[in-house]
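A.B. asks:
Residue numbers (the working numbering): 655 to 813.
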């Protein structure tokens, strides 16, 4: 009876080792790296990533891995994502894309025209002050430019 008991325990140990090893090899593995509003996902064995703004994935976006590295551009906010393959879905993770307000002043060589450009990742509201009073405003989307005069003070804020 004792030999039979040892055989059963040995079988259970072997079974557990095989299951854990299988899970390790088949579990979807993905690394993510955020740079601005671009997210780089690197996968060794995932087929796709599910990305959503809600933790219950009620409005998912599926990103397929055609190569090992996939780049996704996201608007600022909190996102939830999980890797998956045809066998297993991974654990849900959180990803935050920060808002970045940035402006660039472009002057031509003759200094005749000045242009302001939104180089951030959000829409901005630019106010123009002269002598302590607000005298105008400009709304710029990401990447948009507008000619301005070179008088007064300009201040940009996220819209």
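C-beta atoms are modelled at their ideal positions from N, C-alpha and C, and glycine is treated no differently. None of the values given here were measured: they were computed from a predicted structure.
Per DSSP, residue 748 is paired with what?
C.D. replies: Looking at the DSSP assignment, residue 748 forms a beta bridge with 734.
A.B. asks: Can you give me the C-alpha to C-alpha distance between residue 674 and residue 668, rounded to a whole angstrom?
C.D. replies: Distance between the alpha carbons of residue 674 and residue 668: 10 Å.
A.B. asks: Could you please give the first and the last residue of the uninterrupted alpha helix (DSSP H) stretch that includes residue 676?
C.D. replies: Where residue 676 is concerned, the enclosing alpha helix (DSSP H) stretches over 656-680.
A.B. asks: To which residues of the same chain is residue 746 closer than 6 Å at the C-beta, ignoring the five residues directly before and after it?
C.D. replies: For residue 746, where only same-chain residues beyond five positions count, the Cβ hits under 6 Å are 734 and 736.
A.B. asks: For residue 793 and residue 777, which I take to be in contact (beta-carbon distance under 8 Å), what is that distance rounded to the nearest angstrom?
C.D. replies: Contact flag correct, Cβ pair sits at about 7 Å.
A.B. asks: Whole beta strand (DSSP E) runs in the segment 740-794 with 3 or more residues, listed along the chain?
C.D. replies: Runs found: 747-751, 757-761, 768-772, 778-784 and 787-794.
A.B. asks: Return the first residue and the last residue of the beta strand (DSSP E) that residue 723 is part of.
C.D. replies: Note, residue 723: beta strand (DSSP E), 723-727.
A.B. asks: Compute the distance between the beta-carbons of residue 742 and residue 680, then report whether it is under 8 Å.
C.D. replies: It is a contact, given that the beta carbons lie within the stated cut-off.
A.B. asks: Between the alpha carbons of residue 731 and residue 723, how many angstroms are there, rounded?
C.D. replies: If I take the Cα positions, the gap works out to 22 Å.
A.B. asks: Can you look up residue 720 in the DSSP assignment and give me helix, strand or coil?
C.D. replies: Residue state, collapsed to three classes: coil.
A.B. asks: Restricting to Cα atoms, I'd like to know which of 721, 804 and 708 is closest to residue 600.
C.D. replies: Look at the range of the chain in this structure, 655 to 813, and you will see that residue 600 is not part of it.
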